[in-house]
Every structure is written in C-alpha cells, then in structure tokens.
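Taking it in order: structure first as structure tokens, then the write-up.
Residue numbers (the working numbering): 29 to 147.
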C-alpha cells in the first residue's frame, strides 16, 4: 500500500508518459480492457489444476499490475509464479487466490477512479 492508502501509484506511468496525459489515460484504459480476460485466464488455470499455465498467467498478470506499482499484488503473483513453476500443486494457493480476488476488484476500482480524474 502506498503512503496515501492507495494500492496503486501512477508515478512510474507518469514518468514514462513525460507529461502526456493521453498516454496515461490510454494505458489505464488498456489495463481495464484486458484485466478481466487476464483474470479469467488465470482462474481457468486454477480450475484446471495446471501449475505450468498458472505460472504463465501469474507472470502475465504481474507485468500488467507492475506498471501501476501495485506491490502487494505483484508480490503475491511473483510467489505464485515461482512456486507453480516449481510444480507446487494449484490447491496450495487458496489463501493467495482469495487475496488476489479482493485486490483485483480494489485495483480495478482505483484505476477507474484515476481514469475519471484524467477526463
């Protein structure tokens, strides 16, 4: 969590944008457009009990939320990615999955709020 209580920060994204608000807006919009499909894909790997696919999906999601500096979620996804790649059973991640479900919704809400403040 960041000092303002937010789960995300746009500092890195703003640095990349170099003052181009349209770029920040486009990146946030793209995140919202893609995150639901990414989450479905992640959940599919869980329901199939596929550790390799879970590791791949966690890696992809990690990249998506890393740009938003969502460190709590990044750390959970990194842990899942590494442990699943090592062959740990998908069922071992129940606590992490519950945490991610909550974080996904909170982060989506924060991104939507940031988008509204940019328009």
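Cβ atoms here follow ideal geometry from the backbone N, Cα and C, with glycine treated the same way.
Item: Does the region 78 to 85 come close enough to the region 34 to 54 that 3 or more CB-CB pairs lie under 8 Å?; Value: no
Item: Whole-angstrom Cβ separation of residue 67 and residue 132, contact assumed at under 8 Å?; Value: 6 Å
Item: Grab me the residues of residue 119's own chain with a C-beta within less than 8 Å of its C-beta, minus the 5 sequence neighbours each way, in chain order.; Value: 77
Item: Can you tell me the Cα-Cα spacing of residue 91 and residue 140, whole angstroms?; Value: 19 Å
Item: In chain order, what residues of the same chain lie with their CB nearer than 8 Å to the CB of residue 116, ignoring the 5 residues before and after it?; Value: 79
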